[in-house]
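*Asks:*
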Ligand code: PEP
Ligand code: MN
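Numbering (this note's numbering), first residue to last: 730 to 1001.
1) I need the DSSP call for residue 951, collapsed to helix, strand or coil.
2) Does any heavy atom of the ligand MN sit closer than 7 Å to the C-beta of residue 935?
3) Quick check: what's the CA-CA separation for residue 872 versus residue 805?
4) For the alpha helix (DSSP H) that residue 917 lies in, which residues bound it at each end?
5) Helix or strand or just coil, what does DSSP make of residue 957?
6) For the alpha helix (DSSP H) containing residue 879, name the first residue and the last one.
7) For the ligand MN, which residues count as neighbours when the test is a C-beta closer than 5 Å to any heavy atom?
8) Kindly examine the ligand PEP and report whether one of its heavy atoms sits closer than 7 Å to the Cβ of residue 795.
9) Could you tell me whether any non-hydrogen atom of the ligand PEP is closer than 7 Å to the CB of residue 879?
10) By the DSSP assignment, the alpha helix (DSSP H) with residue 772 in it spans what residues?
11) In the DSSP assignment, the beta strand (DSSP E) including residue 898 goes from what residue to what residue?
12) Taking all protein chains shown into account, decide if residue 880 is buried (16 or more other Cβ within 10 angstroms of its Cβ) or exposed.
13) Between the C-alpha atoms of residue 866 and residue 765, what's the straight-line distance to the nearest angstrom?
14) Going by the C-beta, is residue 827 closer than 7 Å to any heavy atom of the ligand PEP?
15) Excluding five sequence neighbours on each side, which residues of the same chain lie with their C-beta closer than 6 Å to the C-beta of residue 812?
16) Looking at the ligand PEP, does it come within less than 7 Å of residue 938, judged from the CB to the closest heavy atom?
17) Can you tell me whether residue 976 sits near the ligand PEP, meaning its C-beta is under 7 Å from at least one heavy atom of the ligand?
18) Give me the Cα-Cα distance between residue 1022 and residue 737, rounded to the nearest whole angstrom.
19) Buried or exposed: which applies to residue 886, given that a residue is buried once 16 or more other Cβ atoms fall within 10 Å of its Cβ?
20) Do the segment 906-925 and the segment 747-765 touch if we need at least three Cβ pairs shorter than 8 Å?
21) Tell me which residue opens and which closes the alpha helix (DSSP H) that residue 813 is part of.
22) Is the segment 747-756 close to the segment 939-946, with three or more CB pairs under 8 Å?
23) Going by beta carbon distance, what residues of the same chain come within less than 6 Å of residue 809, once the five residues before and after it are set aside?
24) When we look at the beta-carbon of residue 974 and count the other beta-carbons within 10 Å, is it buried (16 or more) or exposed?
25) Should the segment 947-957 be regarded as contacting the segment 982-991, the criterion being three or more beta carbon pairs within less than 8 Å?
26) Compare the C-alpha of residue 937 against each of 955, 785, 904 and name the closest.
27) Between the Cα of residue 859 and the Cα atoms of 878, 875, 882, 829, which residue gives the shortest distance?
28) Between 790, 876, 939, 892, which has its C-alpha nearest residue 815's C-alpha?
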């Protein structure tokens, strides 16, 4: 990957640690939990408090949803960001939320602690340039049809604009398999570590699309060296407006959080 200048492991001596609130991604396990989309104030506050009690150290929730159909719920926009703000105040959890339009980056970053670039926008170069100009960490998801090289070049776009705080996120790619929603490519975790100094987290919710597969893939991600996980958790999954088949209850997430923390500690021990 000749053209990587800033993202490549050779470009700096130390691995990048991205600080979000009190969490140092790269030094400690990032556990991001929350619903696919922000729906109501009560849903966000309740989910945030329960996710925190279950072991999450960051809260996710989309106020802008990139949906396949224009007739599906598109997110609450500004109202959603205000609910996220209230959930942050109630729980103390920093906010991870997606931005889908370059014109929104500046004002959305006043609410977000981490700006998420979704898989569908990975190569939206104007969006990448905009998030590269703000002073907020960026979670860059892998595009569902993207190679490692294409993905890392997108990280390079953000770094080249002056924002050093990029976190990569493997979320599965399209293959011929239909049992799972995507094929979670966990080989990317050590591959990313081999090539770049950037932290990488994994999204087994979108990576599998199946509740029963999320826990084992969370454990496997951390065993492969992931710096964190982003998992869809809803206080009432049956009622979720988006991605309800993959939404976990806070209780189910709590079991995962406990197990992955043990796997993380074991991996640190092995690395000594
Ligand atoms: C999401 O995390 O809400 C999302 C839409 O994921 P992806 O961009 O990976 O499909
Ligand atoms: Mn989702």
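For each residue, glycine too, the CB sits at the ideal point set by N, CA and C.
*Replies:* So, to answer that:
1) helix
2) yes
3) About 24 Å.
4) 917-924
5) Correct three-state label for residue 957: strand.
6) 877-889
7) 765, 972
8) Residue 795 Cβ: within cutoff of the ligand PEP.
9) no
10) 770-783
11) Start and end: 895-899.
12) Residue 880 is buried by the Cβ-count criterion.
13) 20 Å
14) yes
15) 767, 770, 773
16) no
17) no
18) The requested residue 1022 does not occur in the structure, where the chain is confined to residues 730 to 1001.
19) buried
20) no
21) For residue 813, the enclosing alpha helix (DSSP H) has its first and last residue at 807-820.
22) no
23) 767, 792
24) Exposed.
25) yes
26) 904
27) 829
28) Taking only the C-alpha atoms, the option nearest residue 815 is 790.
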